[in-house]
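**Student:** Before we start, here is the structure in question, set down as structure tokens.
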């Protein structure tokens, strides 16, 4: 009886959710919202696949959500919809999890299909056309242009909170309509794009932050922000750095999936005040950011600050040993990451997060043993020490990239690469050039704060996490 009630409740919930949204928004807005939501879910799908899916969702809503619709309409149509999704020739977005969902039946299959989601794009693929191309496309097919934009833009920002994404798309399309109708369209575009820039930047940065939170989980996201705050301001105390990192992680947990319109803005107001009150005194760059009167501009400025030079008085990092086994001992791991980040302020974040994972794994393996000290000593030599060497190497290469112009960096890199080949090596010049190209590709994307985590080294596996920096890979239990 209980299971039947739950199934019935689940069916009613989905029908009411879809029908309430359809009836409240109207057909046009419901269609636009459906395009955005499904483009976020299936960020690697084609435009045609998204539109096929949305057309069927809209047909279901039109047929089953009107006054006088058959009570069984939604159940029957949604069942047919899920069966269509399981066909090999289904015109909908593809996902490797579909086959598993399709072995289930009834509500379980529908819930399984509804939960599928593509991973986020680490690098946006949408390229804005020229003003003339935009206006020509809008004139030829207004609905087609707007829907293609919604698909392309929403798939690039699939983890941006929905209210922020909606605000950005609505603002952009309003600019297009206004400026394409203007006699001086190019001047209009220039003026309106400048006005729209903070909105677009906020969508971009909230998408990156929420994608990081989804990838790493709350605890490692806290570590990520601990690294960011420490590398931006090495003079910041550990207590202040860990408090700000915990606060940033809490905001993402609260707001990334929230439908509250100003969740991020409201939470950031307090967070930015805390940053400006605790971190500004010894950081002129932060002082400049905090002088702005607009909270969103403050956040964008702080977020985009590059890493700083190492602390003037760097001390040897605290060790992770048997002391971590005590109650609340994990603070020792956080402090170790803080200490290492203060010394290696240009080391890619992915390397430091992997050090955190390795320290956690060591604690999990050693703390229950009769002789945890010996276990930690072994882990330090076999697992932790190689990571420290990798972090030092990453810090050196990214420091070179940060401190020199791109041309000078390439010259130095080429000279160093040539020394790796013994005299008389055949084709040494071409081999060195290939190595330079590989390293240049990595450093341009990864030698800065807020770098794309998966591309730059974190490859989440189960049960192991692999970290790769250039040609070196280390596998750790996570």
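In UniProt numbering, the protein residues as written are 1 to 478.
Glycine residues also receive a C-beta, built at the ideal position from the N, C-alpha and C atoms.
Quantities reported herein were computed from a predicted structural model and do not represent experimental measurements.
With distance defined between alpha-carbon atoms, name the residue in 380, 418, 180, 46 nearest to residue 366.
**Tutor:** To locate residue 366, count along the chain shown from 1; it is residue 366. Of the listed residues, the one whose Cα sits closest to residue 366 is 380.
**Student:** Let me know if residue 55 comes out buried or exposed under the rule of 16 or more other beta-carbons within 10 Å of its beta-carbon.
**Tutor:** Along the chain shown, one-based indexing puts residue 55 at 55. With fewer than 16 Cβ atoms within 10 Å of its Cβ, residue 55 is classed as exposed.
**Student:** So, is residue 237 buried or exposed, given that buried needs 16 or more other C-beta atoms within 10 angstroms?
**Tutor:** Counting from one through the chain shown, the residue named residue 237 turns up at place 237. Exposed, because fewer than 16 other Cβ atoms sit within 10 Å of the Cβ of residue 237.
**Student:** In this structure, how does DSSP classify residue 435 when only helix, strand and coil are distinguished?
**Tutor:** In the chain shown, residue 435 corresponds to position 435, counting from 1. Helix, per DSSP.
**Student:** Going by C-alpha to C-alpha distance, which of 157, 144, 172, 207 sits closest to residue 190?
**Tutor:** As a working mapping, residue 190 is identified with position 190 in the chain shown. It is 172.
**Student:** Pull up the CB-CB distance for residue 502 and residue 340, whole angstroms please, since I reckon it's below 8 Å.
**Tutor:** What is shown of the chain runs 1 to 478, which leaves residue 502 out entirely.
**Student:** Give every residue of the same chain whose Cβ lies closer than 7 Å to the Cβ of residue 89, excluding the five residues on either side of it in the sequence, and list them in chain order.
**Tutor:** Mapped onto the chain shown, residue 89 falls at position 89. Correct list: empty, nothing qualifies.
**Student:** Can you list, in chain order, the stretches of the alpha helix (DSSP H) that have 4 or more residues and sit fully within the segment 159 to 188?
**Tutor:** Those alpha helix (DSSP H) runs which fall completely within the segment 159 to 188 and span 4+ residues are 162 to 180.
**Student:** Which whole-angstrom value describes the C-beta separation of residue 242 and residue 252, a residue pair presumed to lie in contact below a C-beta threshold of 8 Å?
**Tutor:** As a first step, residue 242 must be located in the chain shown, where it is residue number 242. As a first step, residue 252 must be located in the chain shown, where it is residue number 252. With 8 Å as the limit, residue 242 and residue 252 do not qualify as a contact, their Cβ atoms being about 16 Å apart.
**Student:** Give a yes or no on whether the C-beta atoms belonging to residue 282 and residue 235 are separated by under 7 Å.
**Tutor:** For the purposes of this step, residue 282 is taken as residue 282 along the chain shown, with counting starting at 1. For the purposes of this step, residue 235 is taken as residue 235 along the chain shown, with counting starting at 1. Cβ atoms of residue 282 and residue 235: closer than 7 Å.
**Student:** Do residue 210 and residue 159 have their beta-carbon atoms positioned less than 7 Å apart in this structure?
**Tutor:** Here residue 159 is taken as the residue at index 159 of the chain shown, counted from 1. Here residue 210 is taken as the residue at index 210 of the chain shown, counted from 1. Going by C-beta atoms, residue 159 is nearer than 7 Å to residue 210.
**Student:** What's the call for residue 394, buried or exposed, on a 16-neighbour Cβ count within 10 Å?
**Tutor:** Taking the first residue of the chain shown as 1, we reach residue 394 at position 394. With 16 or more other Cβ atoms within 10 Å, it is buried.
**Student:** Can you tell which of 355, 303, 364 has its C-alpha closest to the C-alpha of residue 323?
**Tutor:** Counting from 1 along the chain shown, the entry for residue 323 is found at position 323. If we check each option's Cα against that of residue 323, 364 comes out closest.
**Student:** Is residue 127 helix, strand or coil by DSSP?
**Tutor:** Position 127 of the chain shown holds residue 127. Coil, per DSSP.
**Student:** Restricting to Cα atoms, I'd like to know which of 434, 386, 402, 326 is closest to residue 368.
**Tutor:** As a working note, residue 368 is residue 368 in the chain shown. Residue 368 has its Cα closest to that of 326, out of 434, 386, 402, 326.
**Student:** Quick one: what does DSSP say residue 232 is sitting in, helix, strand or coil?
**Tutor:** Indexing the chain shown from 1 puts residue 232 at position 232. Helix.
**Student:** Could you give the residue range of the alpha helix (DSSP H) that holds residue 274?
**Tutor:** To locate residue 274, count along the chain shown from 1; it is residue 274. Per DSSP, residue 274 belongs to the alpha helix (DSSP H) from 263 to 278.
**Student:** Jot down the residue ranges of each uninterrupted alpha helix (DSSP H) in the segment 105 to 151, minimum 4 residues, whole runs only, in chain order.
**Tutor:** DSSP runs (the alpha helix (DSSP H)) wholly in the segment 105 to 151: 106 to 115, 131 to 140.
**Student:** DSSP state of residue 319, grouped into three classes?
**Tutor:** Here residue 319 is taken as the residue at index 319 of the chain shown, counted from 1. If DSSP states are grouped into helix, strand and coil, residue 319 belongs with coil.
**Student:** Between which two residues does the alpha helix (DSSP H) holding residue 300 run?
**Tutor:** What you label residue 300 is simply residue 300 of the chain shown in a count that begins at 1. Run containing residue 300: 295 to 303, per the alpha helix (DSSP H) assignment.
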